[in-house]
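In full-length UniProt numbering, the protein residues as written are 1 to 313.
C-beta: ideal position from N, C-alpha, C; glycine also.
First the structure, in the form of structure tokens, and then the observations on it.
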């Protein structure tokens, strides 16, 4: 459907998912995605040009629907003949038909079964089903991937990309067993060698335990999952937290001053212990994915005696 070698997408992280990272993902056989959630469209336009100069492989654009009123977004899609768009943070009925009229394949990001059903009714081509353990913007009451993914897969007949908790071939195999046909990674790509963020941010991911994230903002939407830092722990004492409280994100992202803002990241940081090049991450992931599936088949299917048991209802 997407013309890529491997069903691996890179998450559209604000200010981070730009040419340097997206080109590395696309060149390695996955789907690099350029973000628009930063709202900095002149810079995003330049980043698309840089990406196209760096690779001739397929890439995508994320459209954060809270910015959909800006017609420049659709102009970007048309100008650069973008063929794959993920939409998020808004109503999937807003742009899906317009994008389809331009020959674009559209996947919508959903945090719930309700959202998945609405997106399917809007006519999207696929879903990115995002569990609450992932980093970034979330809902306080959201479900984890282990629950949400098979639920959506059982109710919606669309291709599904799993997001939240994915970092390697084993977690990719688990996602496929639960109903996905692809995976999306944010925190793993954030901490890759080609990620543009400061080494201090990457090291925060590498040093994190599985318990070192906090979900902030209990009283309103959106909540957001961040890595544990003194700033995050202080804000976690408040029931209401807004992005205005997040501090100087760009200084943290690119200046490395972790005390100046919130560092977004998912629980899967606890499983990441090394900064690696994107190509190595993807190659190792595919090898492990195949090995895990083969091992499970050998251990629990091929070696079993008699007919397979009927699946539980």
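Name the DSSP beta bridge partners of residue 225, please?
136 and 215, per the DSSP bridge assignment.
Looking only at C-alpha atoms, which of 101, 142 and 285 sits nearest to residue 221?
Closest by alpha carbon: 142.
Give a yes or no on whether the C-beta atoms belonging to residue 110 and residue 99 are separated by under 8 angstroms.
In this structure, residue 99 does not lie closer than 8 angstroms to residue 110 by Cβ.
In three-state terms, what does DSSP make of residue 242?
Correct three-state label for residue 242: coil.
Quick one: grab the DSSP three-state call for residue 162.
Strand.
Which value, in whole angstroms, describes the spacing of the CA atoms of residue 127 and residue 35?
Roughly 17 angstroms between the two C-alpha positions.
Please go through the same chain and pick out, in chain order, the residues whose beta-carbon is closer than 6 angstroms to the beta-carbon of residue 318, but skip the five residues on each side of it.
Nothing can be reported for residue 318: it is not among the residues displayed for the chain, which extend from 1 to 313.
By Cβ distance, which residues of its chain are closer than 6 angstroms to residue 130, with the 5 residues on each side in sequence left out?
109, 111, 163 and 164.
Cα-Cα, which of 261, 52, 161 and 134 is closest to residue 19?
For residue 19, the nearest C-alpha among the options comes from 52.
Distance check for residue 44 and residue 253, CA to CA, integer angstroms please.
Whole-angstrom Cα-Cα distance: 17 angstroms.
How far does the beta strand (DSSP E) with residue 32 in it extend, from its first residue to its last?
Residues 32-34.
Do residue 90 and residue 66 have their beta-carbon atoms positioned less than 8 angstroms apart in this structure?
Closer than 8 angstroms, so yes.
Just tell me which of 73, 75, 25 and 189 has its CA closest to the CA of residue 57.
Here the closest residue by C-alpha is 25.
Only counting the same chain, and skipping five residues up and downstream in sequence, which positions put a Cβ closer than 7 angstroms to that of residue 172?
For residue 172, where only same-chain residues beyond five positions count, the Cβ hits under 7 angstroms are 166, 183, 285 and 289.
Who are residue 107's beta bridge partners in DSSP?
Residue 107 pairs with 86 and 126.
By how many angstroms is the C-alpha of residue 156 removed from the C-alpha of residue 255?
One C-alpha to the other measures close to 43 angstroms.
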